[in-house]
Amino acid sequence: MSKSFRSNESRTILAAKLLLFIALVYTLIPLPVKSSSTISPSHFDAVRAFTYAKEAVAFGERPSGSAANLKLRQWILADLKPLGGQLSTDDFTGHTPTGPLEMENIILKFPGTSGRSIAVTGHFDSKKIPMVHFLGANDGGSSTGFLLEFARVAAHMPHQDDLYIVFFDGEEAIGEWSQTDSVYGSRHLASKWASDGTLAHLTALINVDMIGDKDLDVMNDGNSAKYLRDKTLAIAARLGYGAYFHKEPAGIDDDHMPFAEAGVNVLDLIDFNYGPNNAYWHQASDTMDKLSAHSLQVVGDVVVALVEDLDSQKK
Ligand SMILES: [Zn+2]
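Residue numbering for the sequence shown follows this note's numbering, starting at 72 and increasing by one per position.
Given below as structure tokens:
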């Protein structure tokens, strides 16, 4: 149908009818409400976290000191920069069994007003395993993706405490895991923050590792502060995620330990049951197809709720 067949008079009537129709529509249909939780910028978007993890893994094997590790760091920094806050790097030399390695933690801080601080941490390096094309989708990739998305959430989250998001380098041992050959980045930062006074204000450090496993079951780490573990279980139950979290405690060594040893209240959220009998751990089979956005959503929702809860604490 073409408009050219209509007379001027019928056009005027049509225009009037159209206006009346528009007026009716505006009266009858409420305008969309903007405060839906699904579109809130402080909602943890696990699809985005999963995509970040996939992009990080696409850098290939990225052990500390490698060219891929450096490229990944540059990519993380470029992603964090637009979020605002105080972005810095913490460069240091890791004294490894095979010699010195240049390493770098990445730190994003959103300053608060309370004089207290909370840190959410994880590692971005992947383990160098001779003769194995180890991509570390879950072990290194999931924590990288998680932290990038958490950083975006933190940028929009109302908070009184300083919020730190820390990407650790050198979590993996160069040879066999030991006290001196592992967690290079977190050992360095715990010591640095002890010297400069930052540690004294840190009320909690929440570390995530291997939290992308499709078949998610997060440890109740006995080395972590009991009250943080209890809070985590309570929040998980409240959110309907209770089944993904172990009730029985068992201890694990991870990036939280140097801070635990320095007296900080720490929490390590790790699923150390990756594949049948942990068969995908440190194997070429640690690839993106073993991960799910849903698992990242579970841990993301719990960590966001936990940080919100801790932030209001008057300790
Ligand atoms: Zn590992």
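For each residue, glycine too, the CB sits at the ideal point set by N, CA and C.
Secondary-structure assignment with DSSP links His166 through a beta bridge to Pro171.
Not one heavy atom of ligand 1 lies closer than 7 Å to the C-beta of His166. Shown here, Asp339 sits in a strand according to DSSP, grouped into three states. About 23 Å separates the beta carbon of Asp116 from that of Gly183, a gap too long to meet the 8 Å contact definition. Taking C-beta atoms as the reference points, Leu377 and Ile306 count as a pair closer than 8 Å.
Less than 8 Å divides the Cβ of Asp288 from the Cβ of Asn344. Per DSSP, Pro112 lies in no alpha helix (DSSP H) and is assigned neither H nor E. Taking every protein chain shown into account, the CB of Met202 has fewer than 16 other CB atoms within 10 angstroms, so this residue is exposed.
For Met290, no alpha helix (DSSP H) run applies; the uninterrupted beta strand (DSSP E) run containing it begins and ends at 289 to 292, by DSSP.
The beta carbon of Glu247 sits no closer than 7 Å to any heavy atom of ligand 1.
In the assembly as shown, Val370 is a buried residue. Its beta-carbon has 16 or more other beta-carbons within 10 Å. Setting aside the 5 residues that flank it on each side, Leu304 is surrounded in the same chain by Asn291, Gly313, Phe316, Lys318, each with a C-beta closer than 8 Å to its C-beta; the list follows chain order.
With contacts defined by Cβ atoms closer than 8 Å, His353 and Ile200 form a contacting pair. When rounded, the separation of the alpha-carbon atoms in Asp210 and Gly165 is 20 Å. Ala129 has its alpha-carbon roughly 14 Å from the corresponding atom of Gln145.
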